[in-house]
Amino acid sequence: MKIRDRLREFKAGMAPTIRESRVMLLRIKKSPLSILGVSILIFFGLLAVLAPVLAPPPFKGQDPWRIPKDGWMPTPRPPGTAVTEPVMVKAGYTTHIFGTAQDQTDIFYGCIWGASLAFREGFQVVGVALIIGLVTGCLAGYYGGIIDELLMRFTDIIFAFPALILAMALVTALGKTLDNVMLALILVWWPSYTRVIRGEILRVKQEDYVEAAKAVGCSDLRVIVRHILPNAIYPVLIVASLDIGAVVLSVAALSFLGISGVPAGYADWGQMISYAQAWIAGGATLTKYWYVFTIPGIFIFTFVLGWNLLGDAFRDILDPTIRRR
Amino acid sequence: MGSRAFIIRRLLLVIPTLIGISLLIFSVISLFTPAQRAFLYVSNPEKGVDLPTIIKQYGLDQPVYVQYWIWLQEVLRGNLGWTKVGNGQVMAVLLHRLPATAEIVLYTAPIVVLLGIFLGIQSAVHRDTIIDHATRTVAIIGWSLPTFWLGLVLIAIFFSSLGWFPSGDRLTLTFIEVVRKPSFMKYTGLNSIDALLNGRFDIFVDAIRHLVLPVATLVTIQIALIVRVMRSSMLEALGKGYIITAKAKGLSKKEVINKHARRNALIPAITLAGILTASMLSGVVITETIFHINGIGRFAATAAREVDAPAVLGFALFSCLIFIFTNLIVDIVYAYIDPRIRLE
Amino acid sequence: MKNLLNIEDLKVNFYTYEGIVEAIDGVNLNLKEGETLGLVGETGCGKSVTSLSVLVLVPTPGKIESGKISFEKSEKESLNLLQQGESALRSIRGKDISMIFQEPRAYLNPVYTVQDQISEVLLHHSKKELTEKALEEIEKDLSKKSLKHFFYKLERKLYRKMLEKPNSLSLKILSKIPIVRRYERRLKKESKKEVVRILKEMKIADPQRVAEMYPHELSGGMAQRVVIAMALGCNPELLLADEPTTNLDVTVQAQILELIRELKGKFGSSVLYVTHDLGVVAELCDRVAVMYAGSVCELADVMDLFRRPLHPYTIALLESIPRPGKEFKTIEGEVPSLINPPKGCRFNPRCTKAMEICLKEKPRMIEVEKEHYVMCHLH
Amino acid sequence: MSTLIEVEELKKYFPITGGVFKRKTADVRAVDGVSIGIVKGECFGLVGESGCGKTTFGKTLIRLYKPTAGSIYFNIPTNVREEIQKLRNSSQDSSRLKKLRKQHDLSIFKGKKLKRLRRKMQIVYQDPTTSLNPRMLVKDIVGEPLKVQGLTRGAERRKRVLEILNKVGLTERHLYRYPHEFSGGQRQRIAIARALVVLPEFVVLDEPTSSVDVSVRAQLLNLFQDLRKDLGLTYMFVSHDLSVVECISDRVGVMYLGKVVELAPTMELYREPLHPYAQALFASIPIPDPTKRKRRAPLKGEVPSPINPPRGCRFSPRCEKAIDICRREEPRLIDVRNGHFVACHLIS
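Protein chains in written order, with our numbering: chain P, 1 to 325; chain Y, 326 to 669; chain C, 670 to 1048; chain H, 1049 to 1396.
This is the structure we're talking about:
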């Protein structure tokens, strides 16, 4: 085939995809919550990508997630305080926009760099868990029998543990590092995907088009990849998008409990709030020191909210039974 | 399958699950250092910890399956090891601290379940109206909030700024003294209930005042899920044919919703209620830590920070058992509510 | 004969994501007392929506835009159903007009027994009759010597009150109190007797046992009998049957059709029978209304319609019935989308006799011959 | 007239699990010993009520299900068939029989052989909305059999796809569309194209017209007739719609509870059904002619469960003419009149 023909073929092949996406976009447009969700995530995506520009690390060659400190005073200072540390001034900082936390760590810097850390945590945990879940879910759902029974009993066992508690136990055993926290969360999380995918596959498997595919001689692999998965994957993706928020919350919770493995003074939203605890429990009113925990809290909250809104909106959009005005 | 066979099958399934859980916990154990592991078998370190003796006695130098067997026997005997953090036997410490946690769950669970079901139904019935949007927005916000942050914010507002509620502990100091006295009968270990039984209304009020913030925190976080499930199952039920039948019979909207839709929609919500107890234990860990309540959750959190293996594992095992037990009850209830399951 | 039901210019729209579906666009039809009117048409022509409109139960996102549905409730009383309040409608639904459906099992509530569901209608619409019967029973018990004499007297008092002031506050309160509530048992017992009696009328072999069953334990044919029992429980004037035999097997269908025919005679109800099966229409109905794309295009006596159809669509529909030895005659094209329906007569794109005016103007329903109405520019 | 498919004592049971350990407790005897032959080029109609096993039989025939017992021979030379028959009757030299069966009996085919078989036998499903993958383009749906079977590639494949689409009344502009963009009738045409693109010899039509409306149904039936002539196909038309079957089939079999109770040329069967069940079934069809309205006593009771079919003749509990032997002994399907088979004690 000539390249020109191929191009034409490609164009024709893309047309329906574009058509479908247009319908999707139209529906997204009609749901204000999903627009909000998408904008929040775009905002955080930009923060993560533009972090080196928005908050350039003052010390070259150092870990950029380590929050720069401005002096050694223990008490936090409110937003708008002038920067005194020469290295930071040199890097272009004039004021602490969000103030400083205890030990003079800059809150603004921590919040900005926290975004990329949150994305990393969410994507890594959910991504790996999703892959494991896909493979096991396909095996269990498509072949059934003893594999299915064993896998389901295993997921039962994992489900019997409250997620955070099992993750806690695993991190305690593995050692407190961020990688171990993520590993523990993956171990805790994948069975839920196995379950969802299995259920979806069991549903799709009964459809006539799957049998029709077998009737023309498709191999099992082809049946799964071409016929079952494309029709089974969407509910799983919705769950996954909701879970990215949940993962970030879990890591933050572990951070808060002091078992996250994130080094002290790191740009981790959960840890920033955790350290702020002392300034509230100590009897400080909301008007004093509010910035220490409120600002990182709002960052975590909005980030998670973004994913939840997205997942929720997609659930409505993709659900063909829900057709509304 | 008759309902009897269903329940027997459900009971029998508990056995492999329990074995699996023990295996899983044991494999987590083998991740620990030998010294940490040894503490799993200690029942009182004050008598002196002699590592070589323990290793010998509990076969820690033996093959894995022997170790597992010995460990399992110890667990079945109720010996979960010694905790440095709690300074006692894990089992004893857990039981001692359980009432504090139970008290939180006692007030949280009914509110979450009943309010969640109510809001879910309202949201579905008034679909796409302001009630629906408001409920869903509040639920999704609640779900996106970090538990610990919400707790801190509530403390900052209601304790630090307004001074309405205490920031932590279970009782005011003076009352703790009262409660400790032998004249104060401890029936349940739950302060609020014991206070009522002892006729001390002031202590009851105080205990409730201490519970408001932790319970509010947990409810806000947990309610979202049940609202969401109830809403969607209610919407599903409302779209079913039998709803049209009910309307065609001439029943009022209230009767249609309360009698025909709700009962069907409740079935998935009941399942969820069981699962919620499990996630509530996760929430309890954080809530207790924030509000300084000496329940099993805070104990576990401290233990995890201090790498106190027996305590963490004991707590994990404990919460597992609670989960299995509640789920079993839920399943049995379920088998009686849904006539279809009895015949499957 | 008198009209029992008269539908005039009914319009129903569905507001969907894709746009406004003009599902029903000017339906005109009348149903005479005591007759069976067949409403035939293909999928999506609006025949089910028409029958739901009669009960004013069009599901969301549908909305009745305009029109008039008048129902002769009694000799003197003629109601426009679309202008009735909710409570007035509720007293009509299930009592004067009731409905049976295509998937009987989906239209029965899975968590209640057959008896619960049938007695619900009875308790709702004929509580008075049941209370009277219960009172008779109490009197019978009173005449016998018994230790419970005192309780029976109390019961009698309560039931008399139920007859006189069924909505009094004290009764409402009593019916909420757990143990006191037991006095309602006798009422329930009466309703159960009634349920068994009705089930027997449906030719169910073992009505006692069936009354205790849950819907999922019933076969399709049995479930349909239960639904019919529920519909006929209060002797309605009008029975709306929305494809009640479509998913049943032919032999079961024959049983149900026979049952409907027989019960119609016994209960004296009129029937609006919605179906796509011309065979069933020919077997069962006195008159037929043919629907296409949201409006009735022809309405006539069943003999007339099959012998001399006038509307091009009816002609084509009758010709497309497979007959052995002949080639299948087809109607070219497909049923149009109702989001942007064709202008003028909605059948014009598929009509072989379409004229210019058909593209521009929607034809009106006219009486071409006596009792033979057609909506076509040709006539 | 030569036989294309010969089915012998075909059985398909589906296990039911239950009890505490989810052990197999019983079988649903969907197809329970069916022996028929299908003639090359004919349209064989199979009618019966839901749950009688007609769809299962069709799907087992083309090996979508693995038969529990029985043999299926597809287009084998006459001498081989005769040899098999002889060997079976003589009940000796079983190794030779085994070898022959392995070679020709497609009820025990596996792997590659089964895959090759898929080119010869195809199926069209009842409801095209569920039988077409909603996330595949028409081009891929129709092209897939060619791809999977490794028959053609590239431009050649496109040409074949277009050819077959034209045959079923679709055009090039439909290639790049998803199934949901079509109407019900057009979707069924896509499904037909998918089945026919590999140029099979035998097609099972599983209620292909029951999900479409009357006006579209006639279009599809005409299409089936044309395609049969054009491509020299053999059909098995499974349906519960007796009037459609009457118009399209050459011979018709009536199934009841997993068994064929009567089998005859269409005209003969519809004129004079012999089996009591067939009689009741045909009498139940509403005739679309109000002048022929008649009152009749419908068949009593309901179809018994295929898990535990009645002893003897399966129709005996509902049969008004049943005699003693009917309840004891299962009647065999016998040729009573030159190709008119009936399984009833009263007839034979």
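Heads up, the beta-carbon is just placed ideally off N, CA and C, and yes, glycines get one too.
- TYR234/P carries a helical assignment under DSSP once its states are collapsed to helix, strand and coil.
- Proximity of chain H to GLY948/C at the Cβ level (cut-off 8 angstroms) is accounted for by SER1291, ILE1333, PRO1334, ILE1335 and PRO1336, in chain order.
- A straight line joining the alpha-carbon of GLU1056/H with that of LYS1022/C spans about 54 angstroms.
- Taking each of SER722/C, ASN672/C, THR705/C and GLY707/C in turn and checking the Cα distance to PHE683/C, the smallest one comes out for SER722/C.
- When 7 angstroms is used as the limit between beta carbons, TRP407/Y is near no residue of chain P, the shortest such separation being about 16 angstroms.
- For GLY345/Y, the residues of chain P that pass the 8 angstroms Cβ criterion are ARG153, PHE154, ASP156 and ILE157, in the order they occur in the chain.
- Under the 7 angstroms criterion on CB atoms, PRO779/C is classed as interfacial with respect to chain Y.
- Taking 8 angstroms as the upper bound for CB-CB distance, VAL1190/H and VAL1245/H are in contact here, some 6 angstroms apart.
- Inter-residue distance for LEU1317/H and PRO1346/H is about 20 angstroms (C-alpha atoms, whole angstroms).
- Taking C-beta separations shorter than 8 angstroms and ignoring five residues to either side along the sequence, the partners of LYS205/P in its chain run GLY141, TYR142 and ILE228, following chain order.
- Excluding the 5 residues flanking it on each side, VAL780/C has same chain C-beta neighbours closer than 8 angstroms at TYR883, in chain order.
- Taking a beta-carbon distance threshold of 7 angstroms, TYR209/P counts as an interface residue toward chain H.
- Taking all protein chains in view, the Cβ of PHE640/Y is crowded by 16 or more other Cβ atoms within 10 Å, so the residue is classified as buried.
- At a cut-off of 7 angstroms between beta-carbon atoms, VAL1037/C makes no contact with chain H.
- Your pair ILE1064/H and VAL1079/H does not check out as a contact, with CB atoms roughly 16 angstroms apart and the cut at 8 angstroms.
- For the stretch 524-555 of chain Y, there is no continuous beta strand (DSSP E) assignment of 3+ residues that stays within its boundaries.
- According to the DSSP assignment, GLY1232/H belongs to the alpha helix (DSSP H) that extends over 1232-1244.
- For the alpha helix (DSSP H) assignment, the uninterrupted runs of no fewer than 4 residues enclosed by the stretch 198-245 of chain P are, from N- to C-terminal side, 208-215.
- Between PRO905/C and the set ASP911/C, VAL940/C and LEU917/C, the nearest pair of CA atoms involves VAL940/C.
- Residue contact with chain P for PRO1125/H: absent (no Cβ-Cβ distance below 7 angstroms to any residue of chain P).
- Look at the beta carbons and you see the stretch 213-223 of chain P not touching the stretch 93-109 of chain P: under three pairs across the two are nearer than 8 angstroms.
- Using a Cβ-Cβ cut-off of 8 angstroms, VAL236/P is close to nothing in chain Y; its nearest Cβ partner there is about 17 angstroms away.
- Across the structure, GLY133/P and ARG195/P are spaced so that their CA atoms are roughly 8 angstroms apart.
- Excluding sequence positions up to five before and after LYS817/C, its CB lies less than 6 angstroms from no other CB in the same chain.
- Taking each of GLY445/Y, ASN523/Y, GLY599/Y and LEU475/Y in turn and checking the Cα distance to ILE611/Y, the smallest one comes out for LEU475/Y.
- Within chain P, the residues THR172 and ALA173 have their CB atoms less than 9 angstroms from the CB of PHE357/Y, given in chain order.
- Between the alpha carbons of PHE484/Y and LEU397/Y lies a gap of roughly 46 angstroms.
- SER1142/H is classed as exposed because its beta carbon has fewer than 16 other beta carbons within 10 Å across all chains shown.
- Annotation: the continuous alpha helix (DSSP H) that includes GLY467/Y extends over 455-469.
- The three-state reading of DSSP puts PRO1313/H in strand, counting E and B together.
- In this structure, SER1231/H keeps its C-beta atom at 7 angstroms or more from the C-beta atom of GLU711/C.
- In this structure the stretch 263-275 of chain P touches the stretch 290-302 of chain P; the number of beta carbon pairs closer than 8 angstroms is three or more.
- Looking at the DSSP output, ASN672/C sits in a beta bridge with LYS701/C.
- When C-alpha distances from THR999/C are compared across ARG878/C, GLY1013/C and PRO981/C, the shortest belongs to PRO981/C.
- Looking at VAL1309/H, LEU1394/H and PHE1363/H, the one whose alpha-carbon comes closest to that of LEU1381/H is VAL1309/H.
- Considering only beta carbons, the part of the stretch 445-475 of chain Y lying closer than 9 angstroms to chain P consists of ARG452, ASP453, HIS458, ARG461, THR462, ILE465, ILE466, TRP468, SER469, LEU470, PRO471, THR472, PHE473, TRP474 and LEU475, in chain order.
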